[in-house]
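With my numbering applied, the sequence shown covers 1 to 181.
Report on the structure given below.
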Amino acid sequence: MAAKRAQSTPEEAERQRMLVMERSAVRRAAFTTEQAERERTLVQERSAARRAALTPQQVDRERTVARDRSSARRATLKLKEIEKQREQAREKVAAWRATLTPKEIQLQQTVATERTRSKRATTLPNKAEEQRVVARKRSTARRAPYTPDELQRLRICSSEKAPSKKWQAPTRKAENKTIRK
1 MAAKRAQSTP EEAERQRMLV MERSAVRRAA FTTEQAERER TLVQERSAAR RAALTPQQVD
61 RERTVARDRS SARRATLKLK EIEKQREQAR EKVAAWRATL TPKEIQLQQT VATERTRSKR
121 ATTLPNKAEE QRVVARKRST ARRAPYTPDE LQRLRICSSE KAPSKKWQAP TRKAENKTIR
181 K
């Protein structure tokens, strides 16, 4: 099977992958809640075991392949489809976050912080600077169409929707400056 896959063209491989995903989705749709949960757990365990056995080079290769596949898929999407997917992802994350207890939320924040620290610690200085420049440009481009008042309003709305330390801090500073004057 793997030899056959290796011989196929990228388009054929993608088509086969899509067919498998559709068949899998149909099969999963017939699951009860318990079956779905059991299946999810099995898949997570299998993938964790497979990832644990990979060398760093294989991990990099897998990430590159996944990134390329994702980019190719996104390139074929229309604007409405992209927005629909983003909305679905936001809803899915919001539903997941709503199920978390305060301790789990704190654990998730800690894990995210550690992941970020780990990435930063292993990133070369040149690469880190390049990432900062890209992030700055992206942030500037995102904020460009807004006036300062609109940006402030967006920060406030954002902090009310999903409280986050990153968004609360600028809001508090703005309030403190107003109070001191």
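Heads up, the beta-carbon is just placed ideally off N, CA and C, and yes, glycines get one too.
Quick caveat, the model's predicted, so the values are computed rather than measured.
To the nearest angstrom, how far is it from the Cα of Ala-141 to the Cα of Ala-135? Translated into positions along the sequence shown, residue 141 becomes position 141. Translated into positions along the sequence shown, residue 135 becomes position 135. Whole-angstrom Cα-Cα distance: 10 Å.
Grab the span of the alpha helix (DSSP H) containing Lys-137 for me, first residue to last. Counted from its first residue, the sequence shown places residue 137 at position 137. 125-143 is the extent of the alpha helix (DSSP H) around Lys-137.
Beta-carbon separation of Arg-69 and Glu-22 under 9 Å? Taking the sequence shown and counting its residues from 1, one reaches residue 69 at position 69. Taking the sequence shown and counting its residues from 1, one reaches residue 22 at position 22. Against a cut-off of 9 Å, the Cβ pair of Glu-22 and Arg-69 comes out as no contact.
Along the chain, where does the alpha helix (DSSP H) that runs through Leu-19 open and close? Taking the sequence shown and counting its residues from 1, one reaches residue 19 at position 19. Start and end: 10-29.
Could you compute how far the alpha carbon of Glu-160 sits from the alpha carbon of Thr-41? Within the sequence shown, numbered from 1, the residue matching residue 160 stands at position 160. Within the sequence shown, numbered from 1, the residue matching residue 41 stands at position 41. The alpha-carbon atoms of Glu-160 and Thr-41 are separated by roughly 34 Å.
Taking the straight line between their C-alpha atoms, what separation do you get for Arg-74 and Ile-82? Residue 74 sits at position 74 when you count from the first residue of the sequence shown. Residue 82 sits at position 82 when you count from the first residue of the sequence shown. So the two alpha carbons sit approximately 8 Å from each other.
For Arg-138 and Ser-151, believed in contact at Cβ under 8 Å, the rounded distance: Along the sequence shown, read from residue 1 onward, the residue named residue 151 stands at position 151. Along the sequence shown, read from residue 1 onward, the residue named residue 138 stands at position 138. For clarity, residue 151 is Leu in the given sequence; the question names Ser instead. Not confirmed; about 15 Å, so no contact.
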